[in-house]
Amino acid sequence: MPATILITGATGLIGFRILLAALAAGYEVRYTARSEDKARIVSSNPAVRKLAPGDRLSSVVIPDLAADGAFDSALRGVTYVIHTGAPVPVPHLDPVTQIFEPTLKISSGLLSSALKTPSVQRVVITSSIVANLGSDPMPPPTAVFASSRVPLPDPVPSTFSNVFEAYVMGKMVEIHNSDEFVKTQNPSFTVSHVMPGYVVGRNELALDTAMMQTQNSSNNFLMAGMLGGDLPMAIHACFAHIDDVADAHLRVALLDPKTEDGPTDFGIATEVDYETIIDHVEEAFPKAVAAGVFRRGKLPALPTKYDSSDVKKLLGGKLKSFQSAVVDVAGQYLELLGMEKA
Numbered sequence: 538m539p540a541t542i543l544i545t546g547a548t549g550l551i552g553f554r555i556l557l558a559a560l561a562a563g564y565e566v567r568y569t570a571r572s573e574d575k576a577r578i579v580s581s582n583p584a585v586r587k588l589a590p591g592d593r594l595s596s597v598v599i600p601d602l603a604a605d606g607a608f609d610s611a612l613r614g615v616t617y618v619i620h621t622g623a624p625v626p627v628p629h630l631d632p633v634t635q636i637f638e639p640t641l642k643i644s645s646g647l648l649s650s651a652l653k654t655p656s657v658q659r660v661v662i663t664s665s666i667v668a669n670l671g672s673d674p675m676p677p678p679t680a681v682f683a684s685s686r687v688p689l690p691d692p693v694p695s696t697f698s699n700v701f702e703a704y705v706m707g708k709m710v711e712i713h714n715s716d717e718f719v720k721t722q723n724p725s726f727t728v729s730h731v732m733p734g735y736v737v738g739r740n741e742l743a744l745d746t747a748m749m750q751t752q753n754s755s756n757n758f759l760m761a762g763m764l765g766g767d768l769p770m771a772i773h774a775c776f777a778h779i780d781d782v783a784d785a786h787l788r789v790a791l792l793d794p795k796t797e798d799g800p801t802d803f804g805i806a807t808e809v810d811y812e813t814i815i816d817h818v819e820e821a822f823p824k825a826v827a828a829g830v831f832r833r834g835k836l837p838a839l840p841t842k843y844d845s846s847d848v849k850k851l852l853g854g855k856l857k858s859f860q861s862a863v864v865d866v867a868g869q870y871l872e873l874l875g876m877e878k879a
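Residue 819 in the numbering used here sits at position 282 of the sequence shown, with consecutive numbering throughout.
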């Protein structure tokens with residue numbers, strides 16, 4: 538009987554892509570959702586239905602992931618846990634109560650529930666390169682690693698001026714808290730993190746062109762870069778292809794905890810020049826660019842150095858290119874427009 542993987546955040550770009558990969562690989566997949574309606578977004582998606590998972594796919598509704606004991610029943614019989622369901626920095630959310638606090642509560646609650654579940658062998662938590670880069674607006678001048686730890690401010694802030702500040706501090710504190718959990722609780726399972734840069738690539742959850750521009754996670758930035766947008770703030774100049782990110786999560790989850798002799802955390806971020814977005818689009822779809830479907834946008838960038846050598850080794854030595862991610866997204870946009878890919 539195949540092992541069961543619990544995935545949180547399956548209605549998001551990363552979680553959904555991991556779910557598809559896990560089903561395609563033959564695993565039993567259980568995913569959390571905050572409501573039955575949210576659960577149906579996953580189960581009714583054409584990409585899921587194409588895989589015809591049958592009873593290998595199931596959902597568990599948890600209205601509040603931050604509640605005490607929220608994951609106790611969801612973890613029964615689960616071997617691997619992949620937690621991608623932390624809050625993301627959406628501008629209208631409250632920085633403290635909807636970003637910072639739940640980032641910490643959900644992760645700690647999940648680990649506490651796993652302590653009570655003998656079947657769990659590994660917990661993989663999706664973090665971000667910002668956990669390693671720190672809260673300084675300018676990234677460090679030298680490369681950082683997934684194992685890098687930024688000292689926390691004393692005291693840790695309790696208020697934030699915007700959601701991104703809260704997101705960064707939440708990621709920084711969470712990884713410190715998880716390190717402390719492993720040290721003090723000595724769990725029977727292993728705890729790992731995957732730290733991606735801006736994750737881009739085809740998103741099967743985006744079912745129309747409006748969703749591709751507004752409900753598409755980091756791809757929102759990519760869409761701005763190919764549809765004439767002008768971002769008001771600078772973003773880190775590093776990316777991770779969604780296929781590599783999903784593959785990395787699964788491979789980390791399946792590492793043998795008894796024989797592993799290597800890193801527990803894995804970062805995946807490749808330096809990129811956002812000015813090349815429209816060039817890649819034009820090379821693949823010159824007619825669409827000539828017709829004005831795509832046009833150059835402005836994405837201010839923060840030069841960012843990150844060492845992804847551990848993930849490259851994990852994935853066999855090579856990561857997918859930025860060009861392939863751009864072409865995948867632009868191609869999906871043309872599909873949803875009903876236009877020729879040319």
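Glycine is no exception: its CB is placed at the ideal position from the N, C-alpha and C atoms.
Per DSSP, the bridge partner or partners of residue i
i	result
L764	R832
S931	Only positions 538 to 879 of the chain appear in this structure, which leaves residue 931 out of reach.
G804	M732
H778	V737
A838	I772
H713	The partner list for H713 (beta bridge, DSSP) is empty, contrary to what the question assumes.
Y617	I542, R659
V681	Y843
T727	R659
Residue of the options minimising C-alpha distance to residue i
i	options	result
F701	D673, S684, F718, H713	D673
D605	A584, K708, C775, I643	I643
D810	G834, G875, V657, S595	G834
P624	M876, A547, E877, I555	A547
V615	S580, N756, M538	M538
F859	G766, E877, G734, R593	G734
K653	D609, T696, P694, P688	D609
V864	K855, L856, A879	A879
G762	D802, L791, S755, I814	I814
A777	T634, I805, S685	I805
N753	A584, F822, G738, G766	G738
A743	I578, G563, A570	I578
G591	G563, M732, A611	G563
H713	V866, S664, L612	S664
S649	I666, L764, L602	L602
M675	V866, K842, A867, G868	K842
F822	L792, M876, L791, D574	M876
I662	H786, Y870, L791, V627	H786
Alpha carbon of residue i to alpha carbon of residue j, nearest angstrom
i	j	result
G618	V728	According to the sequence provided, residue 618 is Val. The question's Gly does not apply to it. Computed Cα separation, rounded: 10 Å.
A668	P632	17 Å
T721	G549	32 Å
T541	V598	17 Å
G853	M706	32 Å
T746	A561	26 Å
H730	Y704	16 Å
L839	I772	6 Å
K850	S656	28 Å
P724	S645	13 Å
F637	P690	15 Å
Y568	S595	6 Å
P769	S755	15 Å
V882	V719	No statement about residue 882 is possible, as the shown extent of the chain runs from 538 to 879 and does not include it.
A828	A862	22 Å
V830	I779	24 Å
M748	E812	23 Å
T801	S715	12 Å
Buried versus exposed call for residue i [16 or more other C-beta atoms within 10 Å across all chains shown]
i	result
E872	exposed
G552	buried
D781	buried
E711	buried
L641	buried
L817	The residue asked about is misnamed: residue 817 is His in this sequence, not Leu. The residue is buried, with at least 16 neighbouring Cβ atoms inside 10 Å.
L874	exposed
K824	exposed
R554	buried
S695	exposed
H629	exposed
S698	exposed
P639	buried
V866	buried
D767	exposed
CB-CB length for residue i against residue j, believed under 8 Å
i	j	result
A680	D847	Contact doesn't hold; Cβ gap of about 12 Å is too wide.
F726	V789	Not confirmed; about 13 Å, so no contact.
P600	S580	Wrong, their Cβ atoms sit about 18 Å apart, outside the cutoff.
R593	E565	5 Å
L557	L588	7 Å
T807	L856	6 Å
L670	P678	Their Cβ separation, rounded to whole angstroms, is 11 Å, which puts L670 and P678 out of contact at 8 Å.
T621	T545	6 Å
A584	E717	Actually they are not in contact, since the Cβ atoms of A584 and E717 sit about 38 Å apart, beyond 8 Å.
I891	M732	Outside the shown range of the chain, which is 538 to 879, sits residue 891, and nothing can be said about it.
L612	A570	Wrong, their Cβ atoms sit about 15 Å apart, outside the cutoff.
Cβ-heavy atom distance, residue i to the ligand ATP, below 7 Å
i	result
V863	What this structure holds is no ligand at all, so the ligand ATP is not there to describe.
Short CB-CB distance (under 8 Å) between residue i and chain D
i	result
E638	Absent here is chain D; the protein component of the structure consists of one chain.
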